[in-house]
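As structure tokens, the structure follows; a few thoughts come after it.
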Amino acid sequence: MLSYRHQFHAGNHADVLKHVVLVALLRALTRKDKPLCYFDTHAGRGTYPLPPPGGKPPPEWPNGLGRLLAAVDLPGPVADWLTIVRECAGGGDDVRHYPGSPVFAARVLRPRDRLILSELHPADAEILIAAFANDARVEAGQRDGHAQVARSLPPRERRALLLVDPAYERREEAEAVRQSVNTALARLAHATIALWYPITRASGCERLLAAPPGPEGTPLLQVEIAVRPRDNPIGLNGSGLLIWNPPFGLDATLEACLPWLAARLDQGGGGEWCLEWRCAPT
Ligand SMILES: C[S@@+](CC[C@H](N)C(=O)[O-])C[C@H]1O[C@@H](n2cnc3c(N)ncnc32)[C@H](O)[C@@H]1O
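Read in order, the letters of the sequence shown correspond to residues 0 to 281 in numbering that gives the first Met the number 0.
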């Protein structure tokens, strides 16, 4: 039974971090001419209407996207992300929809690239499939994203970016993630994988973070922003991504924007951010 619906969280501080990183990854990986295959294991519905601020329950986007709409001096990767958000909303200042990860990917990827999108929730999957029905690069389906990794890797392009973005609703999710990352790297050792995780008091991701999956020696970068103290008992205190095989220069690109982003998104946590090589490239 799936109770998590991303529409209540779209455009929040965690989406901002995840999608700024995703756009930076896509830009870096499309610098090479060779085609790329993008896997979105937990794709969501593609686009989310943003409820007006002040509603009940209070929407989350005003403390994420909302804080950046009027910001000036945006660092390059944040400006790049926000340009796509505005383009998807029609180009003006009136942003009433927020794009999800498959939409960011479809915007940046080229005609020769492919997108393999999986979403398990029937209603969200229906919207996702309809949204990409006319895009020949996209193969979208209602299915388990972890099973799809086992089914589709390695792709014929032999170059892949995976976004693994579960809601961690089930206790077993972290274990499924571990298996998917291990499977993906066993099938395509140089695949780039971005795994999102929440920072909450008991996220269920502790073991995953203490002993990340993947063969020893695989380059692994960790990025985080905490918007509130990490031990705050309620809610999402921040988020992070583990990135296996990050493209060259991604660390410098992110280091140049994380402090700015953390300061803008801070909700009383001191604007804490981190960028750390868990296993540096040799
Ligand atoms: C955090 S949301 C995804 C958001 C999306 N990646 C984005 O950034 O716009 C997680 C999604 O995973 C879906 N989901 C949960 N379990 C799944 C599974 N085993 N396989 C595929 N999708 C799943 C949920 O229905 C939800 O839409």
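We put the CB at the ideal spot given by N, CA and C, even for glycine.
Residue i in three-state terms, based on DSSP
i           : result
residue 247 : coil
residue 172 : helix
residue 281 : coil
residue 214 : coil
residue 256 : coil
residue 94  : coil
residue 137 : strand
residue 190 : coil
residue 59  : coil
residue 162 : strand
Buried versus exposed call for residue i [16 or more other C-beta atoms within 10 Å across all chains shown]
i           : result
residue 113 : buried
residue 17  : buried
residue 42  : buried
residue 178 : exposed
residue 72  : exposed
residue 144 : buried
residue 64  : buried
residue 251 : exposed
residue 276 : exposed
residue 265 : buried
Close beta carbons around residue i, own chain, < 6 Å, minus the five adjacent residues each side
i           : result
residue 292 : The structure shown does not extend to residue 292, since the chain spans only 0 to 281, so no value can be given for it.
residue 273 : 223
residue 245 : 220
residue 188 : none
residue 173 : 203, 204, 207
residue 200 : 230, 232
residue 152 : 183, 186, 187
residue 254 : 274
residue 191 : 160, 244
residue 149 : 182
residue 58  : 50
Beta-bridge pairing of residue i - partner residues as DSSP gives them
i           : result
residue 113 : 36
residue 238 : 197, 224
residue 182 : Answer is none; residue 182 lacks a bridge partner.
residue 47  : 97
residue 219 : 243, 278
Proximity of residue i and residue j at Cβ, strictly below 8 Å
i           : j           : result
residue 184 : residue 213 : yes
residue 46  : residue 87  : yes
residue 263 : residue 70  : yes
residue 39  : residue 100 : yes
residue 103 : residue 21  : yes
residue 228 : residue 270 : no
residue 256 : residue 34  : no
residue 167 : residue 211 : no
residue 128 : residue 139 : yes
Same chain only: Cβ atoms within 7 Å of residue i, ignoring 5 sequence neighbours per side
i           : result
residue 134 : 105
residue 60  : 9, 10, 11, 49, 97
Contacts around residue i, its chain only, beta-carbon distance under 8 Å, and the 5 residues preceding and following it disregarded
i           : result
residue 4   : 120, 123
residue 195 : 13, 17, 162, 163, 164, 165, 238, 239, 240
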